[in-house]
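Counting with the working numbering, you get residues 922 to 1484 for the letters of the sequence shown.
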Amino acid sequence: MAAELTVHQLIAKHRPTLDQALEAIRTRAYWSPHPEHPKAYGEQGSLDMAAGKAAFDALLGTRLDLGQPGTDDFVGGEVSPYGIELGVEYPHADVDVLLPAMKAGQKAWRDAGAEIRAVVCLEILKRISDRTHEFAHAVMHTSGQAFMMAFQAGGPHAQDRGLEAVAYAYVEQVRTPDTAEWTKPQGKREPLALTKQFTPVPRGIGLVIGCNTFPTWNGYPGLFASLATGNAVLVKPHPRAVLPLALTVQVARDVLSETGFDPNLVALTVERPGEGIAKTLATRPEIRIIDYTGSTAFGDWLEANARQAQVYTEKAGVNSVLVESAGDYKGMLANLAFSLSLYSGQMCTTPQNLLIPRDGIRTDEGPKTFDEVVADLARSVDGLLGDDARANALLGAIVNPDVKDRLEAAAGLGEVALASREIANPEFPGAVVRTPVVVTLDGAKPDDEAAYMSECFGPVSFAVAVDSASEAVELLRRTIREKGAMTVGAYTTDEEVEQAVQEVCLEEAAQLSLNLVGGVYVNQTAAFSDFHGSGGNPAANAALCDGAFVANRFRVVEVRREA
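This is the structure in structure tokens:
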């Protein structure tokens, strides 16, 4: 089939979805084209549960040769947090060969225009969606997420974030018309007349540096934002979470090739053990865009040293929930218990510090002392995770030894209100599964401050006693300003306290959730409606997803001619 025909077919196939995405980001209403339920898959070419598991199993112990130029070796070594050796090998690249090959395809990709780039990206996402069950197992066995979370967050929710980035990219590129006829009156003389042409041009090659915990959810926004704006994209996964992004690159290369574009517009580079190629790649002159999710230390290094590139980072923060009063005490406890437990707290959005007045709080069940609130929360977590099968389904597995070490060390930081316990996983005996620990700290003690003012990534939370609601608000402000926050939560029935918390979050640019008691949690965000991060505090210099996330990935070049 001719490439041109294929592209026109893709416009007919995907333009309605693109238009719906454009409407969704305009209205911020709920919408998703990607089903969240596993049983929704299995028709019209998509893999059902059994076929997806079989496809994943067939990958184990194989070599994923992507046919990339400059491949000088194949490397692997991923071990699932559930104890399985994946045994998949991936191409190791000679970047002196690969990067020029990637750049060669950009002219045709640039000249294709915003709409064609968008629908090609949507075709990539559609083919990934058809393999959601396969991708879910790949995410599960690299991140340690429980299957249902890996299925949803690593599948439809990640695909939504990728589509959202494409929609924003399209909006920003078509904001300027392709051409304009410009006429300036000159009184009695002939008017001045020019024909002007405006072309979005890519910055260069984008580098996506993947993370261990959410390889697709955090990887897709940058990948698709750069690709949709005309840039080639080099994907450098986290060494422990290669497979989901390697499969993504494979699908992207297939679609690009089938639609007449250079498959080398998207490529993978995997590092040998201990090689640490991210710093080398990040400072290459060919790399003009970097998307990174991970530690603050390396994010700060990228921002300081990758001077030739536009750098988008999501780093670490200290997320707080202020508990001043509760109109639905049981609902608050249940919501917080789930938020602390989901994926063993291994989310950049999980609450860490619970700021509670030491004199207690008002609730619909009467006044509760500080100790009662903390004890009731501990019981709520215990009740949620009391059944081991349900606990495994919520907690997943500890993603790496560093998280386990932090969890074990946290018990020595203060008085333990809820001890962590080990849970066996009968299906995966090698999995390390732990329930959360809650430690009580005093907000007035300098030694305790050192603990709660540092991020302790994993299933660790601190119940911090503060002198008053106003003290809690000021501690919240200082935490966001100094350490950053991806999320903030607050529970209050007092309008003045609510306004004070809201004002802090507006001034310090932090995303706020108020009085959540139902099935929406502070550590979850919905594509097309919620902003993930703000780009306005130290936790991240970008938001997923807004116009600023895509607009600087391209520039508009003008050509003027006499009319």
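Glycine included, every Cβ here is placed at the ideal spot set by N, Cα and C.
Relative to the C-alpha of V1359, which residue among E1336, D1017 and F995 is closest? E1336
For the putative contact between D969 and H1078, defined by C-beta atoms under 8 Å, what is the C-beta separation to the nearest angstrom? Not confirmed; about 20 Å, so no contact.
Going by beta-carbon coordinates alone, are E1245 and A1067 separated by less than 9 Å? no
Considering only the beta carbon of each residue, do T1271 and N1226 sit closer than 9 Å? no
For H1062, the three-state DSSP class (helix, strand or coil): helix
Buried or exposed: which applies to W1030, given that a residue is buried once 16 or more other Cβ atoms fall within 10 Å of its Cβ? buried
Using the three-state DSSP reduction, which class does V1302 fall into: helix, strand or coil? helix
Work out the CA separation of L1007 and I1211 for me, nearest whole Å. 28 Å
Buried versus exposed call for L931 [16 or more other C-beta atoms within 10 Å across all chains shown]: buried
Please list the terminal residues of the continuous beta strand (DSSP E) segment that includes L1362. V1358 to D1363 is the span of the beta strand (DSSP E), which, as asked, contains L1362.
Are G1127 and D1051 touching if we call contact CB-CB under 9 Å? no
Environment of D1081 [buried if 16+ CB atoms lie within 10 Å]: buried
Measure how close the beta-carbons of G991 and A1014 come, nearest whole angstrom, since I'm counting them as under 8 Å. Between G991 and A1014, the beta carbon gap of about 5 Å places them in contact (Cβ cut-off 8 Å).
Using 8 Å for Cβ pairs, my map puts V1354 next to L1316. What's the rounded Cβ distance? 6 Å
Apart from the five residues on each side of it in sequence, which residues of its chain come closer than 8 Å, Cβ to Cβ, to F1259? L1305, L1315 and Y1442
Can you tell me which residues form a DSSP beta bridge with H1078? Paired residue(s): none; H1078 is not in a bridge.
Quick check: L1115 and A1484, are their CB atoms within less than 9 Å of each other? yes
Secondary structure of I1282, DSSP reduced to three states: When DSSP states are grouped into helix, strand and coil, I1282 belongs to the strand group.
Taking contact to mean at least 3 C-beta pairs separated by less than 8 Å, is the stretch 1412-1431 in contact with the stretch 1378-1398? yes
How far does the beta strand (DSSP E) with E1483 in it extend, from its first residue to its last? F1475 to E1483
Could you pull out every residue in the same chain whose Cβ sits closer than 6 Å to the Cβ of S1434, ignoring the five residues on either side in sequence? Taken in chain order, the residues that qualify are G1410 and V1443.
Inside the stretch 1243-1268 only - alpha helix (DSSP H) runs reaching at least 4 residues: 1250-1262
Which residues DSSP lists as bridging K1289, in chain order: I1282
Cα-Cα separation, G1468 to A1039: 16 Å
Cα separation between L1257 and S1301? 9 Å
Considering only the beta carbon of each residue, do A1447 and C1466 sit closer than 9 Å? no
Could you tell me whether the stretch 943-962 touches the stretch 1100-1111, where touching means 3 or more Cβ pairs closer than 8 Å? no
Kindly list the residues whose CB is nearer than 6 Å to the CB of T1413, restricted to its own chain and excluding five residues on each side of it in sequence; keep chain order. E1245, S1246 and E1419
Specify the secondary structure class of I1005 as computed by DSSP and reduced to three states. coil
Of the residues L1254, P1123, F1291 and P1142, the one placed nearest M1131, counting alpha carbons only: With the sequence shown as reference, residue 1131 is identified as Gly, and Met is not the correct amino acid for it. For the residues L1254, P1123, F1291 and P1142, the minimum Cα distance to G1131 belongs to P1142.
The alpha helix (DSSP H) spanning A1022 covers which residue range? V1016 to A1025
Buried versus exposed call for K1289 [16 or more other C-beta atoms within 10 Å across all chains shown]: Under this definition K1289 is a buried residue.
Would you identify the three-state DSSP class for D1308, choosing helix, strand or coil? coil
Using the C-alpha atoms, what's the distance from T1063 back to G1195? 18 Å
How about A1088 and L1254: are their beta carbons less than 9 Å apart? no
Report yes if the C-beta distance between G1364 and A1390 is below 9 Å; otherwise report no. No, the Cβ-Cβ distance between G1364 and A1390 is not below 9 Å.
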